[in-house]
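Visitor:
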Amino acid sequence: MSELNKIALKIILSGKGILAADESTGTMTKRLDAVNVKSNEDNRLNFRNTLFTSESMRTCIGGVILYDETIRQSFGSKTIPEIISDSGALPGIKVDTGAKVLAGSTYEKITEGLDGLRERLKEYYKLGARFTKWRGVYSISDKFPSKLSIYSNAHALARYAALVQECDMVPIVEPEVLMDGNHSAKVCYEKTSEVIKKCFEELILNKVDLTGVILKPNMILDGNSATSKVSNDQIAKLTLKCLEESVPKEVPGVAFLSGGQSEIEATENLNLINKANKTKFIMTYSYGRALQQSALKYWSKDIEDTTGTQKVFNHRAKMCSLAAQGKWSKDLEIQS
Ligand code: 13P
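Quick note: the sequence shown uses the working numbering, first residue 28, plus one each step.
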């Protein structure tokens with residue numbers, strides 16, 4: 028077993044998943060604005076440190092994805108990566124520099140950040156990171172995603188992943204097909220399959236060790252403005268079909284993004300996926316909003332109430348962990 032494979036498994040085995048706390052300062056400011064909390068360095072640190080010191084970090088979270096600001100911060104005498112490592116989870120880092128309009132298109136995006144990446148990775152490793160994330164983003168419409176966007180983002184994801192493994196870290200490869208639009212789940216299945224297949228074609232071309240990669244895909248959903256919706260069982264079935272057909276067997280696991288689903292939807296769908304999972308892939312979570320939303324709302328009412336906020340976060344993390352084992356049910360959502 029390679030060292031990279033060991034790291035990947037440590038993050039996603041035993042009902043553990045990933046806390047995506049890597050919102051850029053711009054995105055975090057939007058999240059804090061929405062709950063009427065001022066977005067300054069202290070508040071961003073306080074909320075995140077509250078999550079990182081929760082009990083569920085030991086039992087439900089195998090890795091935390093950080094943003095550049097957070098990986099350099101300390102709380103008390105310890106750095107944030109030390110605080111995360113002390114809980115038994117691994118610190119990770121978002122290394123892309125965001126999605127910009129793709130030349131040759133007026134709408135589609137290409138994710139940037141390859142220039143100088145090798146040097147940045149070395150620094151992040153020294154700061155404690157053991158895995159990384161890069162997100163490619165694709166839209167669905169009658170014209171999109173175009174071949175150009177599918178190819179360009181797959182190429183960037185693969186060059187990123189190869190550089191990350193060279194620095195002894197596990198790359199999370201995140202091709203996110205957005206849920207915006209009125210397309211059907213069937214179209215989402217077709218487009219997502221095309222996107223993921225191209226990513227692996229490029230990863231193989233770039234000699235990436237697939238046993239040391241975690242795929243972070245979207246689930247197969249109807250567009251958020253579609254008039255009719257498939258059942259949750261259908262979502263699970265189509266998601267599994269897509270992954271079984273598109274992901275090489277060497278890949279140890281899949282950690283889904285929540286992508287705008289509510290906390291309960293993201294939990295219920297993950298649970299159904301695991302109940303029906305006949306593949307050899309571990310299927311877990313790498314949720315941002317679906318792990319943090321309720322905790323952020325609670326915290327915003329009294330930012331001194333660490334214990335109360337942690338209780339809300341612990342509950343959500345526990346529900347996700349049960350879903351990652353196919354053991355969740357709606358009755359368990361009622362909090363004592
Ligand atoms: P969401 O779960 O909120 O979609 O965030 C996951 C993520 O890391 C997006 O890049």
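In this text, a Cβ means the ideal position worked out from N, Cα and C, and glycines have one as well.
Would you say Gly-125 touches the ligand 13P, meaning its beta carbon is less than 7 Å from a heavy atom?
Guide: Taking the first residue of the sequence shown as 1, we reach residue 125 at position 98. False, no ligand heavy atom lies under 7 Å from that Cβ.
Visitor: Excluding the five sequence neighbours on either side, which residues of its own chain have a C-beta within less than 8 Å of the C-beta of Pro-108, listed in chain order?
Guide: Here residue 108 corresponds to residue number 81 of the sequence shown, with the count starting at 1. Cβ within range, chain order: Leu-93, Ile-98, Pro-118, Leu-154, Gly-155 and Ala-156.
Visitor: Taking only heavy atoms of the ligand 13P into account, decide whether any of them is closer than 7 Å to the Cβ of Leu-284.
Guide: Counting from 1 along the sequence shown, the entry for residue 284 is found at position 257. Yes; taking the cut-off as 7 Å, the Cβ of Leu-284 has a heavy atom of the ligand 13P nearer than that.
Visitor: Measuring only the C-alpha atoms, how far is Phe-227 from Cys-269?
Guide: Locating residue 227 in the sequence shown gives position 200, where the first residue counts as 1. Locating residue 269 in the sequence shown gives position 242, where the first residue counts as 1. C-alpha separation (whole angstroms): 13 Å.
Visitor: So, using beta-carbon positions, are Ala-189 and Asn-259 closer together than 8 Å?
Guide: As a position in the sequence shown, residue 189 is number 162, starting the count at 1. As a position in the sequence shown, residue 259 is number 232, starting the count at 1. No, these two residues do not count as a Cβ contact at 8 Å.
Visitor: I'd like to check one pair, Glu-146 with Lys-127: are the Cβ atoms closer than 8 Å?
Guide: As a position in the sequence shown, residue 127 is number 100, starting the count at 1. As a position in the sequence shown, residue 146 is number 119, starting the count at 1. In this structure, Glu-146 does not lie closer than 8 Å to Lys-127 by Cβ.
Visitor: Taking only heavy atoms of the ligand 13P into account, decide whether any of them is closer than 7 Å to the Cβ of Arg-162.
Guide: As a position in the sequence shown, residue 162 is number 135, starting the count at 1. Yes; taking the cut-off as 7 Å, the Cβ of Arg-162 has a heavy atom of the ligand 13P nearer than that.
Visitor: Can you determine whether any heavy atom of the ligand 13P sits closer than 7 Å to the C-beta of Ser-313, and answer yes or no?
Guide: Looking up residue 313 in the sequence shown gives position 286. For the ligand 13P, at least one heavy atom lies less than 7 Å from the Cβ of Ser-313.
Visitor: Does DSSP put Arg-162 in a helix, in a strand, or in coil?
Guide: Position 135 of the sequence shown, counting from 1, holds the residue named residue 162. Three-state DSSP puts Arg-162 in a strand.
Visitor: The ligand 13P and Arg-316: does the residue's C-beta get closer than 7 Å to at least one heavy atom of that ligand?
Guide: The count along the sequence shown starts at 1 and reaches residue 316 at position 289. For the ligand 13P, at least one heavy atom lies less than 7 Å from the Cβ of Arg-316.
Visitor: Since Ser-368 and Asn-304 are thought to touch, with beta carbons under 8 Å apart, how far apart are those beta carbons, to the nearest angstrom?
Guide: In this structure the chain extends from 28 to 363, so residue 368 is not present and cannot be described.
Visitor: Pick helix, strand or coil for Ser-101, following the three-state DSSP scheme.
Guide: Residue 101 sits at position 74 when you count from the first residue of the sequence shown. Looking at Ser-101 - three-state DSSP - the assignment turns out to be strand.
Visitor: To which residues of the same chain is Leu-205 closer than 6 Å at the C-beta, ignoring the five residues directly before and after it?
Guide: If you number the sequence shown from 1, residue 205 lands on position 178. Within the same chain, Leu-205 has close Cβ partners Ser-166.
Visitor: According to DSSP, simplified to helix, strand and coil, what is Thr-133?
Guide: Within the sequence shown, residue 133 is the residue found at index 106, counting from 1. Thr-133: coil per DSSP, three-state reduction.
Visitor: Figure out for me which residue from Ala-317, Leu-267, Gly-42 and Asn-76 has the closest Cα to the Cα of Val-106.
Guide: Working through the sequence shown from its first residue, we reach residue 106 at position 79. At residue 106 the sequence reads Thr, which differs from the Val that was named. Among Ala-317, Leu-267, Gly-42 and Asn-76, the Cα nearest to that of Thr-106 belongs to Asn-76.
Visitor: Can you give the Cα-Cα distance for Thr-306 and Tyr-314, rounded to whole angstroms?
Guide: Indexing the sequence shown from 1 puts residue 306 at position 279. Indexing the sequence shown from 1 puts residue 314 at position 287. C-alpha separation (whole angstroms): 22 Å.
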